[in-house]
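All remarks here apply to the structure that follows.
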Amino acid sequence: MGKDKFLNEKPEKLTYSGVFKKIDNWARARSLWVVAYGTGCGAIELRPTFTSRFDAERFGMRMVGTPRQADVIVVSGYLTVKTLKRVIRVYEQMQSPKYVVALGACPINGGMYYDSYNAINRLDLYLPVDIWVTGCMPRPEAILAGFKRLQELIDDGKADGWKKYIEALDWYRGNQRKIIKNWRMPNYNW
Amino acid sequence: MNIIERLKERFEVLIAEKKRKDLLIIETTKKGLIPMLFYLKEYEGYRTLTLISCVDWIEDKKFQMSYILWNFRMKANIIVKFMLDRENPDFETVYKLWPQAEAYEREIHEMFGVNFEGNPTQNEELILEDWDNIPPMRRDFDTLKYSMEKFGEREPKSRINIRKEISEQYDEWRRK
Amino acid sequence: MSTEEVRLFIGPQHPGVTGNMSIEVLLKGDTITWAKTHIGYLHRAFEKLMERRIFIKSFPLVCRICVPESDTNEENLARGLEELADIEIPERAKWIRTLVLELSRLQMFIMWYGGIAGSMGLSTPVQWGIGDRDYILDLFEELTGGRVYHIYILPGGVRKDLPEGFEERVLKTMDLIERRLPEYDELIMDNAVEQKRLKGLAPIPKEWVEEMGITGPVARACGFPYDVRKNSPYEAYDKLDFDVITEDGCDVWSMLLVRRREIDLSIKLIREIVSKMPKGEFLTRLPNVLYWEIPKGETYVKSEATRGEFGYYIFTDGSGKPRRVHVKGPSFIHGITLLERLLVGQNIADVAPILVALQICPPEMER
Amino acid sequence: MGVKIFYAFIALIGGIAYGLLLGGISRKITARMQNRRGPTVFQNFIDVWKLFRKKTAISHGVMFYLAPIFRLLGGAGTFLLVPIVVGNFYLSNFSFGGDLIVIMYFMVMGCLGMALGAAESGHPHAPIGVTRGLAQMAGQELPFIISVVVLMIVDKTTSVEGIVMAQQGGILHWHIFTYPFAAIAAFISLLGMMTSYPFEIVMAPQEIAIGPPTEFSSTFLSYMFSGRSVFAVAKYVLFMDLFLGGATNLLWAFLKTFLIFLWPLFITDVFPRFKLEQSVSFFWTWPTLIGLIDLLRIYIVR
Amino acid sequence: MGLKEVLKPLGAWRQIARKPHTILVPKVHREAAERYRGFHVNDLGKCIGCGTCAAVCPNEAIDMVKIEGIEGKKGDSGFRPRIDYGRCCWCGLCVDSCPTTSLRMTNEYIWIREAPDDFVYIPGYDIKGFEQKEKGYRKDKEHSFTDYHRVPMREKEPEERLQTFAEVVLGYTEEEARKEADRCIGCGLCISGCPDRMHIPDYIRAVASGEYERSVNIMYENNPFAELCGKVCTRRCESYCSLGNEGDPVAIRWLKRFATERFSDLKEVIRARKQELKDKSVGIIGAGPGGLTAAYYLALRGYKVTVYEAMPEAGGMTMAGIPKYRFPLPSLKKQVEFILSQGVELKTNYFVDPEKFRNLMEIHDAIYLGVGLLKPWKLGVPGEDHPNVIYAIDYLRKVNFNESVKIGNEVVVIGGGDVAIDAARVSRRFGAKVTIGYRRRKVDMPADREEIEGAEEEGVEIWEKIIPLRVEDAPEGRVKLVYGKARMVDQGPGRRPKPVLIEGEEYEILVDRIIVAIGQQADLTFLPQEFAEKMEVERGRIKVNERQMTSISGIFAGGDVANRVADAISAIADGLRAVKGIELYFQGKS
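Protein chains in written order, with this note's numbering: chain C, 1 to 190; chain L, 1001 to 1176; chain F, 2001 to 2367; chain Y, 3001 to 3302; chain X, 4001 to 4590.
And the structure:
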């Protein structure tokens, strides 16, 4: 088994610049690979979004099986504490630049599980979310509109949640550790 | 002789209620439960365990344990229940009778803190992970408070009773 | 490779699992020697939340218990509360409920039918299945105002009447689906590779069925005519004409056959319901829902979901809130007790088809 | 020679581009088959560019880095050894006498390099995928070797160019018509080589996430992606040369490779995948037997 | 595995010729269904801020907030729903329970933001561009959570009523009452209409759940005349009932009547805690509802209370003015007795004159004036001193005290208030043919709508726009009323139109009696000179501050003599308020 190089040092701040910036952003916006992780109810509406009736592949989006190759993680609805831990791991395994899309009311302010002891209320405390799409669940059309908006943001170079995450890592870590009692994960995993 | 009479003959039956054509509710004691389940399974054809459930009657300091059985031939359900002391919630497993009892009991152990002696996996986490409070399904666990403390909310809601607010608004002169 | 055992987690982030769950397996070569289901990734504490909410507020909650098939939950809870509060519902409401339930079963089966092929990498029927299911969701949207979560069945009946011309549109959609089905069959039932992989896969010993409480299509694939719709008829099912579908193979292929025939049955039943739909009132007036109190009691109601017997064990204590609602999802037994035993000795490649065949729906396991 | 290298490089770029384009077309066709519109045919270019410009912040050691390079080299090597247009100075690449053996070696090398790198990645799914890949290769190579041996024997040459030359003189001289059984065996084997269903058991998303490349990302993935594309084109060209009589100009080359490209696509969209042992046993029975018919025929005719 | 199974799947390639069924969103906007539960819109003008949506919301997504430009007023709390789309689950329960149907849903469904804080939204106030959308989930009034239909009150048949003075209204049965009480959504807006600020939703809820004792106890927290109010209250609360906007308001009065009537002995029911005795005493002049209310609560607070009443029975106007078919005597007796049982001393037939008033000022630490309005307003037309012109207030008192009155066969009642209707209906019970003449239109009549309807059922004729000009003597002991017709002149928005006499037209009517019921005024002649000088009087009423204290410290006033509303519940409210005022006054003094 190989040794993970960056396991215990803080990741350096990655910057992307250069003459290709425009083309890069253009390409990134048109080739969003979504990690196939249905974290909540929203997974049920992601399926129509990515299949024949609405066909997100028209915009170059597709599901990939592994976080390493993905650009976008869709937090589809509520997150339980147990899932949050996995989602953080998945997110950190993704390679920059990466984006987070939050679907539904639950990640915004708890949604219908605001009083549940096992579902988090505010996703922005734990992950840098670029796009919030509300609805319960958002229809495929709304999800597509959300992705479209994400594409516009990427085109303009404004979707930089991943940069914020590295900058404010300590703050995010603090929040994450507050609710994940037993932190059995590598500190830095990307 | 119907089943209620047959059960009464053999076991201690505290309450027997025919809820529906196909649903019978029997209350028995802690001691009589497992023999009764065994009898129902082996001799009455209630061969399937559909559900094990637990209810917290905190006022009476009791847990109600319910076992729902299903008779495939008679097409009928029976609920066998008994009251368990809430302070010392120790009971035995019925894992030997039905394999799925293992998972049900594991869940009840996690959610209510009932201890099933003989269940091999009951101490493994099933649903919760790193739980740090009293078993959450107990009535005295306040999930709203826990959630607000642990997860916070975006804009603290006033949680005022709007009805009260309105009536007090009009009530002002009386308070003067 | 070495003969030592490899510990492998399938899920929660894995394209092959049917939802957010995880299966821990020990592998010897390609063969599974031990399996354990891990759940809890979707635990939202529905049962606890319901204890804090007045009865009517539980309805938006319960339909989220099984995400793709929400109506079964609503219907079960509504029927349970009606029984406890002694409310008689109008005849038309019963029929509309039955129609909604059958539509919901049908859409789930169609999605499943594509999904079983998808679990082995054949993605074409997945795309078709989910696409065609959308036409039923369109019907739901028109009827209930929601695509996935309907909150349509309330105690006392249903929330709104059928819109004008809805019956014709239902029949039209049924025609459409019936036209499409042979194309699915060509690709799934008549597929050499499919048959080679599924026939004889993961046979369930017959004695497990009663012992473990296996229900639904899985039990029916083992030759047990167990169907709640027939055994303890609810709503308008006792007035419908149908037979319980059984197969005798006990393997995944039989489960596929059962479900394929269920699709035909559902379409037939929907046609029958539409033709027999009575006129009249669809909602009895409830007491003021804000202060609705139900006398102390307990009951167990169940219905036939696509995955098996879905049960609600409801306690009321005379207050405006339920004392306890225990939701018995069929996947709890299928996904933990049965799956852990069934996977032993299987090839790692067959995990996905077995998962799909048992139709395990994680949210109803942990609620 | 310098000029030749230059032109070979151009051809390589062209090969990658053609491979990516074919990939795009296949996505489009698959989409239409699935009742949807699908991405643009240039989607793969965008994907590769995006991946290329992403950075990898993770490493699992040297072999991990080298694996995609191996893969790309394997693909490029195969591509550069097969003559695209026979007799054309610019487009015959580095083909030489006896190159068929080298080509087959190259075809294996890419996979082996990949296997080493993937095994290094530390993800449990990767070694499973690698084992499957190697076993699968053992399966699919057998019928392919049989049919190549048939061609080598009848044409008395081990060079691709020689085989192409032997097929000149009309459509009926193509080996697909003269030695149909060998061709069938080889084309079934092509399905395995192209990892098309039902023989797509290496990546198997529903079973082992995505198999060997699970841990690969960004730039490495883009190398692998391009490597795969050019590898695919190389195989199409090789099959064209071996069975469809090669090409005398670029237009023919495009046409024939496109036809060959359609064949795996034709199968892949309508079948699910086999299990590993089913796949291997399939290769060792049906295509092998079919290939053997021709071998037997040659033997008898002599 | 035959060849057939290998070839058959390839048939799927037929699909390639088929047109894809992909919907080209977002290029094509796909409108959601007619009933789709999308984002909310609220008609702010229609919304009354009852908070039902917030109460029924399963997720605490709805907060009621004050917003600019909307002030609370009677029947409108001034709050408006604010919805948090980080909480909402689009179940539509709020829409189904909105009593005014102002809240509804559109079929709009796209709401995408980059910041998580942009999801709080006040429908109707924050303009989002989809307010005008017609499609979307709406409330179906007949099939929703709100029951807009009142349980009808059973009454006696008009013919039967005319025979006796027995109560007209039969009252709810228990089942009816619980059903009616259950309609209440508990918003509390009715409280804004009640002068006494009774805890209406609470006691109605208690009725609905069958806890009648608790219900009566809640009423007695601030109204010791609950039964009286249950029968004859002017029930302003009902006009602010949120259900009244789209349907019938909850029958608050009848429910109160139902609950109180169940108990014949209030002493066993009311569990008010008496405080320890204090060495202060209060004198109350006038044993009307206001005075007795003050007496009751002062007694509960431990003060020594004496009530002075000029008439032989306690009850004031409710005793003397309200006819017994509306308010039977035993009911009044029961309530008064209960109040007296709390240690209140009552002196009847005690007519306060200036001398006695000085004396009372000596012996009591505070005085409460609940003297009511006794002097009737006169018509102010020539000839009204004719003996056949009688005043309704005197007439009703005589009837109630069983004194003999003669009214003859034909009567005209002048006025449009409750007293006029009472006089008319009483006269009908004596067999007279009754006409009511009112100077405005029928819709302008201040009397209770149900009373007017009841009167008409009983055969009372109502003439609109009648202005009396003079009264003339007529033969055979009769009297002639000469009157003119009025036309209504609009006074601008929000004001009642004014009747103006049409000159040159005169009509006359020959009747046995003319009953004048155009209001009463205060009679303050009992006040000694030195007090009368200091007492500020405004438009015929004693001026009081918000604690009912007159301009003379230590003297409090309430009821009809001090307020302009002049009904029982206002008098009760004044009494209650005065209790607090008196207590504060004592605290300040000591």
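Ideal Cβ positions, reconstructed from N, Cα and C, are used throughout, including at glycine. Just so we're clear, the structure is a prediction, and the values are computed from it rather than from any experiment.
Distance from the Cα of X:V4056 is smallest, within the candidate group X:T4146, X:G4415, X:V4006, for X:T4146.
Cβ contact annotation for X:N4245 (same chain, cutoff 8 Å, sequence separation greater than five): K4046, I4048, P4099, T4100, in chain order.
Listed along chain L are I1166, S1167, Y1170, D1171, each with a C-beta nearer than 8 Å to that of X:I4191. DSSP, reduced to helix, strand and coil, places X:D4444 within a helical segment of the structure shown. Rounded to the nearest whole angstrom, the C-alpha separation of F:H2334 and C:N175 is 37 Å. At a C-beta separation below 8 Å, X:E4313 has no neighbours in chain C, since its nearest C-beta there lies roughly 59 Å away.
L:C1054 carries a strand assignment under DSSP once its states are collapsed to helix, strand and coil. Non-local C-beta neighbours of F:K2328 in its own chain, meaning closer than 8 Å and more than five positions away in sequence, comprise K2302, E2309, F2310, G2311, Y2312, Y2313, ordered along the chain. In the structure shown, F:V2351 adopts helical secondary structure according to DSSP, grouped into three states.
Taken through DSSP and simplified to helix, strand or coil, X:K4375 comes out as strand. Listed by position along chain F, the residues whose Cβ is nearer than 9 Å to that of Y:L3276 are D2030, N2347, A2349. Within chain Y, Q3278 have C-beta atoms less than 7 Å from the C-beta of F:K2196, given in sequence order.
Residue-level contact check: F:A2219 does not touch chain C, since none of the beta carbons of chain C fall below 8 Å from its beta carbon. Within 10 angstroms of the beta-carbon of C:D130 lie 16 or more other beta-carbons, which makes it buried. Taking F:T2031 as the centre and dropping the five residues before and after it, the same chain places the C-beta of G2345, Q2346, N2347, I2348 closer than 8 Å to its C-beta, in chain order. Distances from the CA of Y:L3066 to each of Y:V3130, Y:L3238, Y:G3113, Y:N3249 were compared; the closest alpha carbon is that of Y:G3113.
Among the residues facing chain F, C:K82 is included, as its CB has a counterpart in that chain under 8 Å away. Distance between X:P4158 and X:V4399, taken at the CA atoms: about 20 Å.
Chain-order list of chain L residues neighbouring C:K181: D1130, D1132, by C-beta distance under 8 Å.
Listed as beta-bridge partners of C:Y99 by DSSP are C:V72.
Sequence-distant Cβ neighbours of X:Y4350 in its own chain, meaning closer than 7 Å and more than five residues away, are Y4308, E4309, A4310. Counting along the chain, Y:I3260 sits inside the alpha helix (DSSP H) bounded by residues 3250–3268.
In the DSSP assignment, X:D4422 falls within the unbroken alpha helix (DSSP H) covering 4418–4429.
The beta-carbon of X:P4026 is placed no less than 8 Å from the nearest beta-carbon of chain Y.
Between F:L2049 and C:D115, the C-beta spacing is below 8 Å. In the structure shown, the three-state DSSP call for L:K1062 is strand. Against chain L, the CB of C:I131 has no partner CB under 8 Å away; the residue lies outside that interface. In this structure, X:V4336 lies away from X:A4568, with their beta-carbon atoms at least 8 Å apart. Here the alpha carbons of Y:E3215 and C:R68 stand approximately 6 Å from one another. The beta-carbon of Y:R3032 is placed less than 8 Å from the nearest beta-carbon of chain X. None of the residues of the region 4032–4065 of chain X has a beta carbon lying less than 8 Å from any beta carbon of chain Y.
Closer than 9 Å at the C-beta level to chain C, one finds these residues of the region 4076–4092 of chain X: D4084, Y4085, G4086, R4087, C4088, C4089, W4090, C4091.
Contact between C:N118 and C:V81 holds, with the beta-carbon distance rounding to 6 Å and staying under 8 Å. Using a Cβ-Cβ cut-off of 8 Å, C:I120 counts as an interface residue toward chain L, since at least one Cβ of chain L sits closer than that to its own. For F:P2217, the enclosing alpha helix (DSSP H) starts and ends at 2216–2221. At a C-beta separation below 8 Å, C:G40 has these neighbours in chain F: N2020, L2042.
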